[in-house]
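Protein chains in written order, with this note's numbering: chain A, 4 to 450; chain B, 8 to 78. For every residue, glycine included, the Cβ atom is placed at its ideal position computed from N, Cα and C. Quick notes on the structure that follows.
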Amino acid sequence: MSSRERMPLILSRIEQLQPSVNCFVALDEDGARTTAEMSDRHLEQGNPPRLLEGMTAAWKDVLGTAGRRPSGGASPAQESRTGEATIIKRLRDAGALMIGALNMDEFAAGGTGANAHLGRCTNPWDPSRITGGSSGGTAAAVAAGLVRIAIGSDAGGSTRLPAALCGVTGLKPTYGRVSRHGALARSWSMDCLGPMALTAVDCEAALRAIAGTDAADPTTLTAPPLEHISPTTNGLRIAIATHEGTPLSDHVRAAIGHAGTVLRELGFAIHKAELPDITQANDLQQVLVKCEAAAMHGRRLRDAPDSIGIEARSVIREGLLIPATRYIEALALREVMLARFVDEAFATADVLLAPVYPDEAPHAIARQDPRAIENAFTAAARQTRYANYLGLPALSVPAGFGPNGMPLAFQLIGRPFDELRLLAIAERFQDVTGFHRQHAPNAVQAA
Amino acid sequence: MKDDVGPLMDADAVRAMLDLQAVTIEETEHEGVAGTAGRLNLRTRQLADAAPVLADPTAFGAALARIGEES
């Protein structure tokens with residue numbers, strides 16, 4: 004069936020589920036039809052299929068398109084001067100069918116998928132539970148089968164957390180691997196745009212389509228090119244990384260243990276290792292993200308604080324009270340901390356296997372106490388923030404289901420620019436497990 | 008500083024925050040915005056003081072590429 008012929012069905016499925024999932028904030032029906040025609044024409048002219056030929060794609064509402072400025076999940080929309088984002092152009096050039104923009108936490112500063120202006124995005128596995136955030140709409144759209152590829156952004160776990168809670172595969176690339184040109188920032192110094200999909204195979208295709216240097220984003224200029232061939236996984240050493248005091252539910256612990264067993268049976272050398280102290284990197288990540296958010300949104304915080312939902316307000320306001328010297332020190336410590344972490348964590352391992360989130364997705368609670376919001380956010384992102392501070396690639400992989408039928412996950416963390424190795428491991432894991440192929444109750448057949 | 012904070016904090020919280028910058032981390036048990044900011048300030052300062060050298064804060068991308076290649 005051609006993409007043109009498929010498009011009415013794709014759009015009708017979105018129309019069917021949007022009222023309950025609320026994952027889209029802007030459906031671009033014209034763009035979807037146009038890119039479907041472009042894809043069909045490409046193939047009709049006898050060209051070989053491109054990386055994402057005929058695959059449906061959507062994106063967190065931080066990316067500018069030719070016809071629309073992103074909202075950043077804010078109302079009024081986050082101020083920006085963005086034109087079309089590089090990543091949008093690359094998706095389209097790779098043959099993707101461009102469907103629309105997705106719900107998110109306001110300013111990407113939250114971890115629940117609840118947006119005071121756009122409404123709560125619900126978890127397709129159980130609408131009473133959170134999607135995680137801040138790329139909640141991204142994860143929900145994939146989990147609901149509404150799009151095959153969706154783009155999220157991750158400055159502290161915002162791709163991996165919702166991917167984990169919604170049972171999809173989600174990649175935070177190395178800082179600098181993917182251009183952020185045309186994207187609204189959550190944190191200039193840590194933002195990473197990355198794909199979510201049901202499978203690691205699709206995530207790899209998407210990464211290959213969107214990665215690469217871009218003169219409009221200088222952070223990409225020092226990144227080595229992606230290899231043409233996926234790296235070998237033979238003989239790889241994977242450390243199941245734990246650290247003292249990690250509060251994990253029994254079922255997440257069991258899922259991680261099971262993943263280790265599966266990977267050992269696949270021929271990987273599995274061992275347990277104590278992770279270097281991540282508390283310091285987590286704290287320094289908070290210095291950066293809070294300061295940058297306070298700088299970005301300070302005027303709105305001062306002049307119209309009530310225009311910002313309590314969730315976002317509660318997690319960015321501390322940045323107003325951190326001096327510039329501390330911020331610069333936190334930036335300057337990154338190289339030292341990264342070198343130390345790589346020396347320690349990767350001394351006896353090629354890849355780390357670690358938790359993403361300590362439990363199943365919790366039920367949605369409308370909290371009104373800023374301290375409770377900040378504390379819940381900190382607890383949720385304890386396992387993810389350090390990878391952002393250190394700039395490392397990390398991939399969330401579905402790993403099973405909890406006692407309430409909700410998805411569980413682990414993450415693979417690699418050395419800088421080692422995304423393809425993480426994806427190759429996940430692809431082998433997914434070859435012999437079916438967690439990523441389970442359908443959420445509130446899902447349609449994958450688009 | 009108070010002007011920067013505007014309606015988000017009361018005077019006591021600002022005062023607590025300013026006080027925090029002069030005390031040790033064990034003493035930063037204040038709750039709220041000032042407490043969190045104070046703990047992050049002190050943690051950063053302690054780590055910076057303990058670091059043998061601070062890197063160029065604008066060169067992290069190059070460091071990532073170099074450390075990735077070396078490892």
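Express the C-alpha separation of residue j and residue i in angstroms, rounding to a whole number.
i, j, result
"T59 (chain A)", "R151 (chain A)", "5 Å"
"E192 (chain A)", "S317 (chain A)", "Residue identity differs from the one stated: residue 192 (chain A) is Ser in this sequence, not Glu. Computed Cα separation, rounded: 21 Å."
"R46 (chain B)", "G114 (chain A)", "22 Å"
"L395 (chain A)", "A244 (chain A)", "15 Å"
"L334 (chain A)", "S6 (chain A)", "46 Å"
"V255 (chain A)", "G116 (chain A)", "22 Å"
"S83 (chain A)", "V28 (chain A)", "18 Å"
"P14 (chain B)", "N48 (chain B)", "Low per-residue confidence applies at P14 (chain B): pLDDT is 46, beneath 50, and the placement is therefore not dependable enough to give any value."
"G136 (chain A)", "N106 (chain A)", "10 Å"
"L54 (chain A)", "V204 (chain A)", "11 Å"
"A276 (chain A)", "A242 (chain A)", "6 Å"
"D63 (chain B)", "F404 (chain A)", "44 Å"
"G238 (chain A)", "S156 (chain A)", "32 Å"
"T381 (chain A)", "P358 (chain A)", "15 Å"
"V354 (chain A)", "P419 (chain A)", "11 Å"
"A297 (chain A)", "T65 (chain B)", "20 Å"
"I428 (chain A)", "Y330 (chain A)", "36 Å"
"L61 (chain B)", "R52 (chain B)", "12 Å"
"I368 (chain A)", "S161 (chain A)", "19 Å"
"A111 (chain A)", "D129 (chain A)", "23 Å"
"T249 (chain A)", "R305 (chain A)", "37 Å"
"P22 (chain A)", "V290 (chain A)", "38 Å"
"Y360 (chain A)", "E47 (chain A)", "45 Å"
"E76 (chain B)", "R320 (chain A)", "38 Å"
"E363 (chain A)", "R370 (chain A)", "19 Å"
"Q414 (chain A)", "H439 (chain A)", "14 Å"
"E32 (chain A)", "V400 (chain A)", "31 Å"
"D64 (chain A)", "P308 (chain A)", "22 Å"
According to DSSP, is residue i helix, strand or coil?
i, result
"V181 (chain A)", "strand"
"R26 (chain A)", "At residue 26 (chain A) the sequence reads Cys, which differs from the Arg that was named. Correct three-state label for C26 (chain A): coil."
"V354 (chain A)", "strand"
"L378 (chain A)", "In the sequence on display, residue 378 (chain A) carries Asn and not Leu. Helix, per DSSP."
"Q81 (chain A)", "coil"
"P118 (chain A)", "First, the residue type needs correcting, since residue 118 (chain A) is Asn and not Pro in the sequence shown. Residue state, collapsed to three classes: strand."
"R303 (chain A)", "helix"
"N126 (chain A)", "strand"
"F220 (chain A)", "One detail in the question is off: residue 220 (chain A) reads as Asp in this sequence, not Phe. D220 (chain A) falls in the strand class under three-state DSSP."
"P399 (chain A)", "At residue 399 (chain A) the sequence reads Ser, which differs from the Pro that was named. Strand at S399 (chain A)."
"V198 (chain A)", "As written in the sequence, residue 198 (chain A) is Pro, which differs from the Val given in the question. In the structure shown, P198 (chain A) sits in a strand (DSSP, three-state: E or B)."
"H3 (chain A)", "Look at the range of chain A in this structure, 4 to 450, and you will see that residue 3 (chain A) is not part of it."
"A443 (chain A)", "coil"
"F110 (chain A)", "helix"
"A384 (chain A)", "coil"
"R53 (chain A)", "coil"
"F349 (chain A)", "coil"
"L393 (chain A)", "helix"
"L66 (chain A)", "strand"
Give the interface partners of residue i over in chain B, defined as CB-CB distance under 7 Å, in chain order.
i, result
"Q289 (chain A)", "L47"
"F329 (chain A)", "A small fix is needed here, since residue 329 (chain A) is Arg in this sequence, not Phe. Here the neighbours are N48, T51, R52."
"V339 (chain A)", "A58, A62"
"A333 (chain A)", "T51"
"G394 (chain A)", "F67, L71"
"A342 (chain A)", "I74"
Could you spell out the range, first to last residue, of the alpha helix (DSSP H) harbouring residue i?
i, result
"I213 (chain A)", "203–213"
"I91 (chain A)", "89–96"
"R73 (chain B)", "67–77"
"A427 (chain A)", "422–435"
"G103 (chain A)", "Element bounds for G103 (chain A): not the alpha helix (DSSP H) but the beta strand (DSSP E), 100–105."
"R36 (chain A)", "32–47"
At a CB-CB cut-off below 9 Å, which residues of chain B make contact with residue i?
i, result
"D286 (chain A)", "R46, L47, R50, T51, L54"
Counting only Cβ pairs nearer than 8 Å, list the residues of chain B close to residue i.
i, result
"I416 (chain A)", "Chain B residues near I416 (chain A): none, gap ~13 Å exceeds 8 Å."
"T177 (chain A)", "L71, G75"
"F349 (chain A)", "S78"
"E230 (chain A)", "Under the 8 Å cutoff, chain B gives no residues; its nearest Cβ is about 13 Å from E230 (chain A)."
"T225 (chain A)", "G68, A69, L71, A72"
Note the first and the last residue of the continuous beta strand (DSSP E) segment covering residue i.
i, result
"A451 (chain A)", "Here chain A has residues from 4 to 450 only, and residue 451 (chain A) is not among them."
"L72 (chain A)", "Note that residue 72 (chain A) is Arg in the sequence shown here, rather than Leu. R72 (chain A) -> no beta strand (DSSP E), and no H or E assigned at all."
"I241 (chain A)", "240–245"
"H59 (chain A)", "Contrary to the premise, residue 59 (chain A) reads as Thr rather than His in this sequence. Start and end: 59–63."
*Taking the runs of the alpha helix (DSSP H) that are 4 residues or longer, which of them lie wholly in the stretch 144–191 of chain A?*
The stretch 144–191 of chain A contains these whole alpha helix (DSSP H) runs: 163–169.
*asked:* Give the list of continuous beta strand (DSSP E) stretches no shorter than 3 residues that lie fully inside the stretch 269–346 of chain A.
replied: Entirely contained in the stretch 269–346 of chain A, the beta strand (DSSP E) runs reaching 3 residues are, in chain order, 272–277.
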